[in-house]
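One point on numbering: in the numbering used here, the residue at position 235 of the sequence shown is 314, and numbering is uninterrupted.
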Amino acid sequence: MSTVRNCKYYKYMTGATKTEPLVLSSYCSVPTDLVTTRTTTQTEHLAGIVTFGSETRSIVSTSSFVRGPCRRRRHPHQPRAAFRTTVDPPPSAVLLVRPRLIVRPAPTPSLQRGDDMLKMENPVQWLVATRTRRRVLIRVAALVVVVPLFLQCVLAYLLGGDARLLPPALQHAKNVLIVTAHPDDECLFFSPTILGVLDRNHRIRGGLLVMSTGASPVLAPPLAVRRRPSLTMDAGNNDGIGETRKKELLGSCAALGIDSSRCVALDHPELQDNPKLWWNTTLIESIVGEHVAKWDINAIITFDEGGVSGHINHRAVSAAVSEYVANDASAPPAFKLVTTAVLRKYSGLLDLPLTAFSFTWRLFAAVFFPSDEADAQYSTKALIASTWNRYLLTRRAFASHDSQYSWDRHLYMILSRYVWFNDLTRIPGKA
80 MSTVRNCKYY KYMTGATKTE PLVLSSYCSV PTDLVTTRTT TQTEHLAGIV TFGSETRSIV
140 STSSFVRGPC RRRRHPHQPR AAFRTTVDPP PSAVLLVRPR LIVRPAPTPS LQRGDDMLKM
200 ENPVQWLVAT RTRRRVLIRV AALVVVVPLF LQCVLAYLLG GDARLLPPAL QHAKNVLIVT
260 AHPDDECLFF SPTILGVLDR NHRIRGGLLV MSTGASPVLA PPLAVRRRPS LTMDAGNNDG
320 IGETRKKELL GSCAALGIDS SRCVALDHPE LQDNPKLWWN TTLIESIVGE HVAKWDINAI
380 ITFDEGGVSG HINHRAVSAA VSEYVANDAS APPAFKLVTT AVLRKYSGLL DLPLTAFSFT
440 WRLFAAVFFP SDEADAQYST KALIASTWNR YLLTRRAFAS HDSQYSWDRH LYMILSRYVW
500 FNDLTRIPGK A
C-alpha cells in the first residue's frame with residue numbers, strides 16, 4: 080500500500096458495497112476499513128474520483144511525503160508545516176489513470192543566486208555555513224592578536240636576558256653609545272634597545288650622541304633687505320628652536336635612564352637638519368671617534384643603511400659609523416637597527432611573529448637551553464622587546480619633545496613596531 084505522490088489526476092475503482100457517506104471537504108475521509116491513513120506534510124493539492132459500488136464522488140486530497148523521524152529546525156522564513164490525513168487506496172482499488180509527474184523547470188543562473196537560493200532551498204545548511212565562516216574568522220582574528228601578544232610577553236619578561244637574543248657585547252658592555260641624527264630619534268626608534276640594555280645591567284652607562292639639534296635651515300630675508308643672496312644656516316637655532324630642542328632632549332634622556340652629562344646634541348654648521356643634504360661622513364667619523372675615546376665606549380648602536388624612515392641624514396650617520404668601525408681596528412662592536420617596509424613599520428606588534436621567524440632556532444634554544452654565554456654565531460643579531468613599563472617610559476620620553484608633538488606622532492607611538500621591539504644586526508668591523 081503506497082501513498083499518492085506527485086501526480087495531478089487519479090481515479091480509483093473498488094468493488095466495495097459500503098454505503099457510508101463520504102465527507103467532501105478540503106481533506107477527504109472514508110471508512111477506516113477501506114483505507115489506511117498516514118500523517119504527512121502537505122505539499123500540493125490533487126483532485127480525483129473514487130467509486131464505491133454504483134456511487135461516484137469527487138474528492139480532494141493532497142500529494143505528500145511521509146514525515147521522517149529526523150526533525151529539522153525550521154528557518155524563520157520557512158512556512159510552518161501543515162499536518163493532514165491523506166487517503167491511501169484499499170487493496171482492491173485499481174488505478175485507472177496513469178499519474179502525471181510534476182516537473183519543475185531548472186533554475187536559471189543568476190548573479191544573485193548564491194546564498195539567497197541556498198537559504199530558500201536549504202535554510203539549515205545556509206545557517207550552518209554562515210556560522211562556520213564566522214567561527215573561522217573569529218579564530219583567525221584571535222590568532223592574529225594572541226600570538227603577537229604572547230611573543231611580546233615571552234621576549235620581554237622571560238627570554239630578554241638570554242645571550243642568544245641579547246648578545247654579550249651589549250649585555251656586558253660598561254658604556255654604550257647611541258648615535259642618532261636628530262633629537263627624538265632616541266625615543267621614536269631606539270627606546271626598546273636603550274631601556275632593554277640599561278635595565279638588564281644597572282652598571283651599564285648609556286650615552287646619546289645626536290648630530291644636530293633637528294632645526295631646519297631657514298631662508299634669509301628678502302633680496303631688498305638682505306645684503307647678499309644666500310641660504311643661511313642658523314646653527315639649528317631657528318627662532319630659538321635649537322635651544323628648545325636641546326632642553327627637550329635632556330628630559331627624554333632622563334626618562335630613558337641616560338645621564339645628562341652624556342646626552343649631547345651637536346650644533347655644527349655642516350650638520351644641520353636638511354632632508355636634501357648628505358652630511359659629511361668624514362666629519363661624523365671623527366666626532367664619533369672622539370666621543371668613543373672620551374666616554375670609554377664598549378658598544379655602539381645606530382641606524383642601518385635604510386635609516387628606518389629613509390631620511391638622508393639618518394643614512395649619512397649610518398654610513399659614517401660603518402666606515403668608522405670598518406677602518407678603525409680599535410673601534411668597539413657596533414650594531415645597526417634594521418629597517419623594514421612601511422607596512423611592517425606601522426603594523427605594531429603584528430609584525431613581531433614575522434620578525435621573530437628569523438630567530439626561531441634562537442628562541443627554541445633559549446626556552447629549552449637557557450644560557451648567559453653564547454657562541455660567536457649568536458653574537459651577530461639581537462631581538463629586544465619592551466615590557467609594558469618600558470613602553471610607558473618611551474611615551475614619557477617622547478612627551479618631553481613638546482615642540483614636535485602632533486596627532487600623527489601620537490598615532491605613531493601606538494602603531495609603530497619600533498616603540499615595542501627592536502631587531503639589530505652587527506656592523507662588520509676590524510675588531
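Glycine included, C-beta positions come from ideal geometry on N, C-alpha and C.
Whole angstroms is fine: what's the gap from residue i's alpha carbon to residue j's?
| i | j | result |
| --- | --- | --- |
| residue 330 | residue 479 | 5 Å |
| residue 470 | residue 350 | 31 Å |
| residue 373 | residue 343 | 13 Å |
| residue 449 | residue 245 | 12 Å |
| residue 435 | residue 267 | 21 Å |
| residue 253 | residue 211 | 57 Å |
| residue 381 | residue 476 | 18 Å |
| residue 79 | residue 462 | Any property of residue 79 remains undetermined from this structure, which presents the chain solely from 80 to 510. |
| residue 341 | residue 371 | 11 Å |
| residue 383 | residue 225 | 30 Å |
| residue 231 | residue 242 | 17 Å |
| residue 495 | residue 427 | 5 Å |
| residue 508 | residue 393 | 20 Å |
| residue 276 | residue 405 | 24 Å |
| residue 229 | residue 255 | 30 Å |
| residue 430 | residue 456 | 25 Å |
| residue 264 | residue 290 | 11 Å |
| residue 441 | residue 240 | 12 Å |
| residue 500 | residue 272 | 8 Å |
| residue 42 | residue 488 | In the structure as shown, the chain begins at 80 and stops at 510. Residue 42 is therefore absent and cannot be evaluated. |
| residue 260 | residue 363 | 10 Å |
| residue 506 | residue 413 | 5 Å |
| residue 445 | residue 439 | 10 Å |
| residue 385 | residue 356 | 16 Å |
| residue 247 | residue 443 | 19 Å |
| residue 484 | residue 409 | 40 Å |
| residue 352 | residue 227 | 36 Å |
| residue 379 | residue 454 | 20 Å |
| residue 458 | residue 365 | 27 Å |
| residue 213 | residue 491 | 32 Å |
By Cβ distance, which residues of its chain are closer than 6 Å to residue i, with the 5 residues on each side in sequence left out?
| i | result |
| --- | --- |
| residue 460 | 504 |
| residue 234 | 464 |
| residue 337 | 285 and 287 |
| residue 269 | 257 |
| residue 377 | 252, 253, 254 and 411 |
| residue 502 | 417, 434 and 462 |
| residue 451 | 242 |
| residue 375 | 254 |
Going by DSSP, what residues sit across from residue i in a beta bridge?
| i | result |
| --- | --- |
| residue 342 | 287 |
| residue 382 | 416 |
| residue 500 | 464 |
| residue 320 | DSSP output for residue 320 lists no bridge partner at all. |
| residue 256 | 286 and 379 |
| residue 505 | 414 |
In chain order, what residues of the same chain have a beta carbon less than 8 Å from the beta carbon of residue i, not counting five sequence neighbours either side?
| i | result |
| --- | --- |
| residue 360 | 395, 398, 399 and 402 |
| residue 38 | Residue 38 is absent from the structure shown; the chain starts at 80 and stops at 510. |
| residue 433 | 423 |
| residue 236 | 466 |
| residue 282 | 253 |
| residue 339 | 329, 332 and 333 |
| residue 387 | 268, 393, 416, 418, 424 and 497 |
| residue 223 | 429 |
| residue 274 | 335, 336, 465, 469, 472 and 473 |
| residue 279 | 239, 240, 245 and 250 |
| residue 493 | 427 |
| residue 513 | Only positions 80 to 510 of the chain appear in the structure, and residue 513 is not among them; the question remains open. |
For residue i, which residues from the same chain have a beta carbon less than 7 Å from its beta carbon, with the 5 sequence-adjacent residues on both sides left out?
| i | result |
| --- | --- |
| residue 292 | 262, 315, 321, 324, 325, 344 and 346 |
| residue 354 | 390 and 391 |
| residue 486 | none |
| residue 368 | 403 and 407 |
Sufficient close CB pairs (3 or more, under 8 Å) joining the segment 413-423 to the segment 211-219: At 8 Å Cβ cutoff, the stretches do not touch.
Segments assigned beta strand (DSSP E), at least 3 residues, entirely inside the segment 390-441: Qualifying beta strand (DSSP E) stretches, in chain order: 413-416.
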